[in-house]
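This report concerns only the one structure given below.
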Amino acid sequence: MEHQQSVARISCFSCRHSKRRCDKTLPTCQLCIRRGVDCRYPKRRAQKYVVLPEGDGTAEDGIPAKHDLLVNKTVDSDRSSDWDQQSPLETSGATASAIQSFGTATAIQFIAPTLFREARLEIPRINITIPSHVTALTGEFEQIRDISATFFSQVVIWTPVIFRKNFFNIALNPLSPRRTEGILLSLCMKLYCTPTTQDERDGRTALYKATKQFYCEVEAAGILSICILQSAILIAVYEIGHAIYPAAYLTVGACARYGIALGLDKLLVDLTGENNTGRPWMEVEEMRRVWWGILILDRFLNLGNPLRGLTTKDPEYDDYLPVDDWTFLNATAKPQDNLRISAAFNLKMGVFTRLAQATYLVNQALKFLSSLPPPGDANDTVDIAKDTAQLRRTIWALISVTKSEFDAHDLATCCQTAVSYCAILLLQEAHWRRVRISSTEDAYKHMFTESEHVLENLARMAFCLRKDTEEGTCLDEEFPVFLMQIVYQGALTTIEMGQGNPNKEIKERIAIYKWLLQHLQARWRVAGIYLSILQSKEALMASVV
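Numbering (numbering that gives the first Met the number 0), first residue to last: 0 to 544.
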């Protein structure tokens, strides 16, 4: 009797309408659970399905499921949405049965992925209500277009991780089931492009808090989407640029986990990755570029502390690089356009592809530095100058490939050169510590040729920028956070050369680096933090003379 009571006599409306076989399970058939749709059964064979208006919790002449009650409460725009408030799914207008089926499907996908694929299960699409305070920040279609236009014109280095056609289809299409994800990404674009005010110098602006809160709510809903991951990357870059720690470090770590959950890590060793059969090629390439973006940030965060563990697996010599930027932005990329790291050093590539190559070499430097035995180890036979000679030559070869395309002014926005310089200077400083330099003469004696070129080029860039300013040119260009790091790294190395008693040339270089950081802190707070560290370093070096 119990079994008879759990099965309906007639197929549900949804299965009848789609001409599918219904298992008639009460309160919801398995097919409706898989599809994430409302499941209602007729009371009599001839009964027709009545489409109810959204938000109506009753089924006219139908058998309402136990969990088929609509939760149609919205977030109060006049107060913040805390964790003790309702789930974003509950405010989305989704039925309780749809929410339950969504949670079941996502759990099965993680716990038993093979079964999920073999059974051809699907994750039902559940849209999330966009809070009114978020809508007020992003505006309507015209404002979203303006936000994206500003982002795509200014943020050159992170533009290549977003496929514009997909973004516009998601964010600007009012019928898109993924519009909430597009609005979140639009909000993160606005966050990145909005300078802080004097009253919000710590970077934790009202816009930042609202963006972070909305991101957390969307992520907590359990939806896995490349658009949500792109949003997290922009939040991480903002946090790095404004020195919001440890949030920046934790956000990048969360990006790595999220990317692995999406299977993005597989795209470095396999052109199509995992479970991407039938997916448009441009979307697959977008996913690969997003994963490279995470690898770049993960290693960038370790430039100040190479001993800190990385969140992501090291890229290998035969891993696939992103395609050339122009072919991606123009949506003309093809599978045969993807090259491996080992094959692309002598070919002309886009900025983001070169940055990926540079990141591979930076990773080699970080890996070497993290493996060094502790100072004073009796078994220490490491000779950094000798052991890193080939790596330094390879890094410099990569720099030389694009050298003709970038003059002293362009170096300020050339991210692949900036991170390559950082790797060389990190190796240099480690070598100086190993040989225990005690004077400027010692520093010059044990300086790598590559380090000498790096410091000369950095000083030339800084002097050019100051000259432009003195001649009336406004340096309002959008400088990437990588610039602050290499200026800081160059200044640290130069202060180390002075050993507390710098000569005239060293003093001039330190002064120009400080001037540049002082200028850049108006846009990125981390420049001011770097400036404070340099001043402390100078004081410490002078105190031991």
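All residues carry an ideal CB built from backbone N, CA and C; glycine is no exception.
- A straight line joining the alpha-carbon of G277 with that of P334 spans about 13 Å.
- If the five residues before and after F462 are omitted, its C-beta is found closer than 7 Å to the C-beta atoms of I511, all from its own chain and listed in chain order.
- Spanning the alpha carbons of G258 and L228 requires a straight line of approximately 7 Å.
- Looking at the backbone, the Cα of R522 and that of E451 are separated by about 29 Å.
- With contacts defined by Cβ atoms closer than 8 Å, A526 and Q534 do not form a contacting pair.
- A distance below 8 Å separates the beta carbons of V350 and I156.
- Apart from sequence neighbours up to five positions away, the residues of its chain that approach I509 with a beta-carbon distance below 8 Å are A490, T493, I494, G497, P501, L533, E537, ordered along the chain.
- Where L30 is concerned, the enclosing alpha helix (DSSP H) starts and stops at 29-34.
- Inclusion of P314 and I340 in the CB contact set at 8 Å is warranted, their separation being smaller than that value.
- Relative to the Cα of R119, the nearest Cα in the group F167, R34, R163, L309 belongs to R34.
- Minimum Cα-Cα distance from Y359 among the listed residues L266, Y316, S399, L233 corresponds to Y316.
- Counting every other CB atom within 10 Å of its CB across the protein chains shown gives W325 a total below 16, marking it as exposed.
- Put simply, of Q363, G375, K385 the residue whose alpha carbon is nearest the alpha carbon of I394 is Q363.
- The DSSP assignment places no complete run of the beta strand (DSSP E) inside the segment 187-237 (cut-off: 3 residues).
- Residue burial annotation: F12 is buried, with at least 16 other C-beta atoms found within 10 angstroms of its C-beta.
- Within the segment 279-318, the complete alpha helix (DSSP H) runs of at least 4 residues fall at 280-299.
- Within a 10 Å sphere around the beta-carbon of A355 sit 16 or more other beta-carbons, which makes this residue buried.
- Per DSSP, reduced to three states, the secondary structure at Y257 is helical.
- Taking the Cα of Q142 as reference, the smallest distance to any Cα among S185, F151, D22, H241 is reached at S185.
- The beta carbon of C14 sits closer than 8 Å to the beta carbons of R20, C21, C28, L30, C31 from its chain, once the five residues preceding and following it are set aside; these are given in chain order.
- For C21, there is no enclosing alpha helix (DSSP H), since its DSSP letter is neither H nor E.
- Per the DSSP secondary-structure output, Y443 pairs with nothing in a beta bridge.
- A231 and P159 have their C-alpha atoms some 15 Å from each other.
- Pairing A104 with K347, the inter-Cα distance amounts to about 45 Å.
- Fewer than three pairs of CB atoms, one per stretch, sit closer than 8 Å, so the segment 256-274 makes no contact with the segment 127-145.
- DSSP places K42 outside any alpha helix (DSSP H), giving it a letter other than H or E.
- Residue pairing from DSSP places R339 in a beta bridge opposite Y319.
- Beta-bridge pairing by DSSP links V6 to T24.
- For A255 and M446, the gap between their C-alpha atoms comes out near 36 Å.
- If you look at S369, you'll find it in the alpha helix (DSSP H) that goes 350-369.
- For W325, the enclosing alpha helix (DSSP H) starts and ends at 324-328.
- Inter-residue distance for A111 and G252 is about 24 Å (C-alpha atoms, whole angstroms).
- Excluding residues up to 5 positions away in sequence, M188, Y191, C192 lie with their Cβ nearer than 7 Å to the Cβ of F150 in the same chain.
- Rounded to whole angstroms, the separation of the alpha carbons of P130 and A260 is 27 Å.
- Around the Cβ of D318, a 10 Å sphere holds 16 or more other Cβ atoms; the residue is buried.
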